[in-house]
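Written out below as structure tokens is the structure these notes cover.
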């Protein structure tokens, strides 16, 4: 947990309905600088919608989101990313015909990177390859040079993560970066996430892999039917009666 | 640390060069392999007007290159930015009317009207299409097809700028040679500039918008701004064609909003190969003379384009140029035994 307990992201009474379905119902929580916050819940419990609201892809019906005192709810997605709140997508669609490192040209071309590097970024390709190495693309095996459509899922998830990292963000929201990966891929992904936290990144992780998340997360939030049903340190949350009910028969681990 | 980074960069560059299919120039054969197709194209286009038998065919060539430009612009916007614009005639029309009005009402010379029509027309077209830019795919296509149908009606209804009669434009290009080499110069510049642009980092952002606009937004890039810039490039090319045609005809009227300027570039693009940029140019170099030869079925020419379009979509969707490029790259690997 962070030493100075500075809140970076405040979510206040956010609600969103699609037709008659309440996807997110009056959810509030804080994100503290430097922590990994786990966000779990059964399928359809509104986790991704909540992320879409925070990153501006969906406008909430009511409620507000603040990033360091600045209201995000009125801003378009690219402005929010420009402030340093980035996200990965659950469904990855890389630029298939390009080599992996060329996929990072787009974020490296963004105004945020231009500002932070002061126009002295150098060769974007080289910066992209370094970023890929940071998330576990083996440079010696020439993985960063492979065409994106030939990469296995594990690398695509890493590519998606590095697309966020390229912006040098303050908050990364990971939408299921571990799901669909083999045990070996997950095992190599965990140190990547730990290193990000050590480098001062604040992370929200949406996951279905509870066991791995328990290892990583400092704090957990559980959602069900759009509502927040529990919040706290992982062990307490998992012992919570409502959480057990929500997961009973769903998670068979 | 700095030397370490330098060393890595050097290492990577070697591999990068290989992955981009650019290889070290190691002999005259390799140089020729790269240069010959480009040289054949450039010299071929430059010599073509000189070997044309008659004034008539030289005029046909001019319109061939005009349609080539429009087709390249369409291909750029459709394949590299993902905005399928079915209303290319809007751009020629706007460019034509700006040049026509400036020349016949204000008496500005050609050297001013054509650049003003190109840039100003591009700006006006971009502003007109700006509200449609958040739309994707078929929705954008439908909206764009409406504009070139609506604008001539408005001109007729208000009876401005010559109404249905059109207006006479006194400034005309001096002779067919000036026409030919002016348009040819622009064709070559636009072709190589667009080819360069789509492979620069800027072009990769545009291609990113086509492939996955959500991810580009999440990367902190304002996609509407980039789409607007791409539309400006396309419409400026279209407006140049319109202004050029006005000064070729010495007349400006509603036929510059005709369906031909929307449909023929698309047919040429499909024929030549989507996404190759040079393909659409060659496509129009085939289609336009063919239509002239088939003058007898003049009124059926739209039908004819549609048949070409259909036939290629069904039987050869990759287009001529993609096929030729593939064959050429296979040719490299043929070795003497």
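Protein chains in written order, with this note's numbering: chain A, 1 to 253; chain B, 1 to 337. Ideal Cβ placement from N, Cα and C applies to all residues, glycine included. All figures in this text were calculated on a predicted structure; none of them were measured in a lab.
* Is residue 231 of chain A helix, strand or coil by DSSP? -> As a first step, residue 231 of chain A is located in the first chain; it is residue number 231 there, counting from the start. Collapsing the DSSP output to three states places residue 231 of chain A in a strand.
* Asked: Are the C-beta of residue 247 of chain A and some C-beta of chain B separated by less than 9 Å?
  -> Stepping through the first chain from its first residue, residue 247 of chain A is reached at position 247. No, residue 247 of chain A lies away from the interface with chain B (no Cβ there is under 9 Å from its Cβ).
* To do: Check residue 229 of chain B in the structure and name its three-state DSSP category.
  => For the purposes of this step, residue 229 of chain B is taken as residue 229 along the second chain, with counting starting at 1. DSSP places residue 229 of chain B in helix when its eight states are reduced to three.
* Asked: For residue 62 of chain A, which three-state DSSP category applies?
  -> For the purposes of this step, residue 62 of chain A is taken as residue 62 along the first chain, with counting starting at 1. DSSP, read as helix, strand or coil, puts residue 62 of chain A in strand.
* Asked: So which residues of chain B does residue 77 of chain A contact, with C-beta pairs closer than 7 Å?
  -> For the purposes of this step, residue 77 of chain A is taken as the residue at position 77 of the first chain. Ordered by position in chain B, the residues that pass the 7 Å Cβ test against residue 77 of chain A are 217, 218.
* Among B:55, B:124, B:138, B:53, which one has its Cα closest to the Cα of residue 78 of chain B? -> Locating residue 78 of chain B in the second chain gives position 78, where the first residue counts as 1. Considering only alpha carbons, the answer is B:138.
* Contacting positions in the segment 165-185 of chain A - beta carbon closer than 7 Å to chain B -> Shown in chain order are the members of the segment 165-185 of chain A whose Cβ falls below 7 Å from a Cβ of chain B: 167.
* Residues that residue 10 of chain A bridges to, as DSSP identifies them -> Taking the first residue of the first chain as 1, we reach residue 10 of chain A at position 10. BP columns for residue 10 of chain A point to A:30, A:66.
* Asked: Excluding sequence positions up to five away, which residues of its chain have a Cβ less than 6 Å from the Cβ of residue 121 of chain B?
  -> Here residue 121 of chain B is taken as the residue at index 121 of the second chain, counted from 1. Hits under 6 Å: 94, 95, 98, 239.
* Is there at least one Cβ from chain A nearer than 9 Å to residue 198 of chain B's Cβ? -> As a working mapping, residue 198 of chain B is identified with position 198 in the second chain. No - not a single Cβ of chain A is within 9 Å of the one on residue 198 of chain B.
* What separation, rounded to the nearest whole angstrom, lies between the Cα atoms of residue 101 of chain B and residue 176 of chain B? -> As a working mapping, residue 101 of chain B is identified with position 101 in the second chain. As a working mapping, residue 176 of chain B is identified with position 176 in the second chain. If you take the alpha carbons of residue 101 of chain B and residue 176 of chain B, they lie about 23 Å apart.
* To do: Determine the chain B residues that contact residue 89 of chain A at a beta-carbon separation under 8 Å, and present them in chain order.
  => Here residue 89 of chain A refers to the residue found at position 89 of the first chain. Neighbours of residue 89 of chain A on chain B, chain order: 214, 215, 218.
* Name the chain A residues that come within less than 8 Å of residue 100 of chain B, Cβ to Cβ? -> In the second chain, residue 100 of chain B corresponds to position 100, counting from 1. Near residue 100 of chain B there are no residues of chain A at all, since even the closest Cβ is about 39 Å away, more than 8 Å.
* Asked: When burial is assigned at 16 or more other CB atoms within 10 Å of the CB, is residue 50 of chain B buried or exposed?
  -> Your numbering for residue 50 of chain B matches position 50 in the second chain. Exposed, because fewer than 16 other Cβ atoms sit within 10 Å of the Cβ of residue 50 of chain B.
* Asked: Can you name, in chain order, every residue of its own chain whose Cβ lies under 8 Å from the Cβ of residue 146 of chain B, other than the five neighbours on each side?
  -> As a working note, residue 146 of chain B is residue 146 in the second chain. Spatial neighbours of residue 146 of chain B in its own chain (CB-CB distance under 8 Å, excluding positions within 5 residues in sequence) are listed in chain order as 87.
* Limits of the unbroken beta strand (DSSP E) element including residue 40 of chain A -> Along the first chain, one-based indexing puts residue 40 of chain A at 40. Residues 36-40.
* To do: Starting from residue 60 of chain A, find everything on chain B with Cβ-Cβ shorter than 7 Å and list it in chain order.
  => Position 60 of the first chain, counted from the start, is the residue given in the question as residue 60 of chain A. None at all; the shortest Cβ gap to chain B is about 18 Å.
* Buried or exposed: residue 246 of chain A, going by 16 or more other Cβ atoms within 10 Å of its Cβ? -> Position 246 of the first chain, counting from 1, holds the residue named residue 246 of chain A. By the 10 Å Cβ count, residue 246 of chain A comes out buried.
* **Among A:9, A:178, A:67, A:79, nearest to residue 189 of chain A - alpha-carbon criterion** => For this step, residue 189 of chain A is matched to residue 189 along the first chain. Here the closest residue by C-alpha is A:178.
* Counting contacts by CB-CB distance shorter than 9 Å, is residue 204 of chain B in contact with chain A? -> On the second chain, position 204 is the one that residue 204 of chain B refers to. Yes, because at least one Cβ of chain A sits closer than 9 Å to the Cβ of residue 204 of chain B.
* Residues bridged to residue 21 of chain A (per DSSP) -> Looking up residue 21 of chain A in the first chain gives position 21. According to DSSP, residue 21 of chain A bridges with A:18.
* Assign residue 239 of chain A to one of two classes, buried (16 or more other C-beta atoms within 10 Å of its C-beta) or exposed (fewer than that). => What you label residue 239 of chain A is simply residue 239 of the first chain in a count that begins at 1. Classification of residue 239 of chain A: exposed, given that the 10 Å Cβ count is below 16.
* Asked: What is the rounded straight-line gap between the Cα of residue 298 of chain B and the Cα of residue 265 of chain B?
  -> Taking the first residue of the second chain as 1, we reach residue 298 of chain B at position 298. Taking the first residue of the second chain as 1, we reach residue 265 of chain B at position 265. Between residue 298 of chain B and residue 265 of chain B, the alpha-carbon positions lie close to 18 Å from each other.
* Asked: According to a CB-to-CB cut-off of less than 7 Å, which residues of the segment 121-155 of chain B neighbour chain A?
  -> Answer in chain order: no residues at all.
* With distances taken Cα to Cα, identify the nearest neighbour of residue 151 of chain B among B:91, B:63, B:109, B:83. => Against the second chain, residue 151 of chain B aligns to sequence position 151. In terms of CA proximity to residue 151 of chain B, B:91 leads the group B:91, B:63, B:109, B:83.
* **Proximity of residue 53 of chain A and residue 24 of chain A at Cβ, strictly below 9 Å** => As a first step, residue 53 of chain A must be located in the first chain, where it is residue number 53. As a first step, residue 24 of chain A must be located in the first chain, where it is residue number 24. The answer is yes: Cβ separation under 9 Å.
* Asked: Would the beta-carbon of residue 59 of chain B fall within 9 Å of that of residue 57 of chain A?
  -> Within the second chain, the letter at position 59 stands for residue 59 of chain B. Within the first chain, the letter at position 57 stands for residue 57 of chain A. Taking 9 Å as the Cβ cut-off, residue 59 of chain B and residue 57 of chain A do not qualify as a contacting pair.
* Asked: Where do the N-terminal and C-terminal ends of the beta strand (DSSP E) with residue 219 of chain A fall, by residue?
  -> Position 219 of the first chain, counted from the first residue, corresponds to residue 219 of chain A. Counting along the chain, the beta strand (DSSP E) containing residue 219 of chain A begins and ends at 219-224.
* In angstroms, rounded to a whole number, what distance separates the CA positions of residue 62 of chain B and residue 97 of chain A? -> Numbered from 1 along the second chain, position 62 holds the residue referred to as residue 62 of chain B. Numbered from 1 along the first chain, position 97 holds the residue referred to as residue 97 of chain A. Rounded to whole angstroms, residue 62 of chain B to residue 97 of chain A spans 36 Å at the Cα level.
* Does DSSP classify residue 57 of chain B as helix, strand or coil? -> Numbered from its first residue, the second chain carries residue 57 of chain B at position 57. Residue state, collapsed to three classes: helix.
* Taking three-plus beta-carbon pairs below 8 Å as touching, is the segment 215-229 of chain B in contact with the segment 64-71 of chain B? -> By the Cβ rule, the segment 215-229 of chain B does not count as touching the segment 64-71 of chain B, because fewer than three pairs are nearer than 8 Å.
* How close, in whole Å, do the beta carbons of residue 270 of chain B and residue 309 of chain B come, if the pair is a contact with beta carbons under 8 Å? -> Taking the first residue of the second chain as 1, we reach residue 270 of chain B at position 270. Taking the first residue of the second chain as 1, we reach residue 309 of chain B at position 309. At roughly 5 Å, the Cβ-Cβ gap stays under 8 Å, so residue 270 of chain B and residue 309 of chain B are in contact.
* Going along chain B in order, which residues have a C-beta closer than 8 Å to the C-beta of residue 106 of chain A? -> Within the first chain, the letter at position 106 stands for residue 106 of chain A. Think of a sphere of 8 Å around the beta carbon of residue 106 of chain A: the chain B residues whose beta carbon falls inside it are 204, 205, 208, 215, 216, 219, 221, in chain order.
* Report the option in A:37, A:115, A:12 whose CA atom is closest to the CA atom of residue 232 of chain A. => Residue numbering aside, residue 232 of chain A sits at position 232 when the first chain is read from its first letter. Of the listed residues, the one whose Cα sits closest to residue 232 of chain A is A:37.
* Identify, in the order they occur along the chain, each residue of the same chain with its Cβ nearer than 7 Å to the Cβ of residue 289 of chain B, setting aside the five sequence neighbours on each side. => Translated into the one-based positions of the second chain, residue 289 of chain B becomes position 289. Within the same chain, and ignoring the five residues on either side of residue 289 of chain B in sequence, the residues whose Cβ sits closer than 7 Å to its Cβ are 60, 64.
* Tell me, please, whether the segment 65-75 of chain A touches the segment 113-123 of chain A by the rule of three or more beta-carbon pairs shorter than 8 Å. => Between the segment 65-75 of chain A and the segment 113-123 of chain A, the count of C-beta pairs closer than 8 Å stays below three; the two stretches do not touch.
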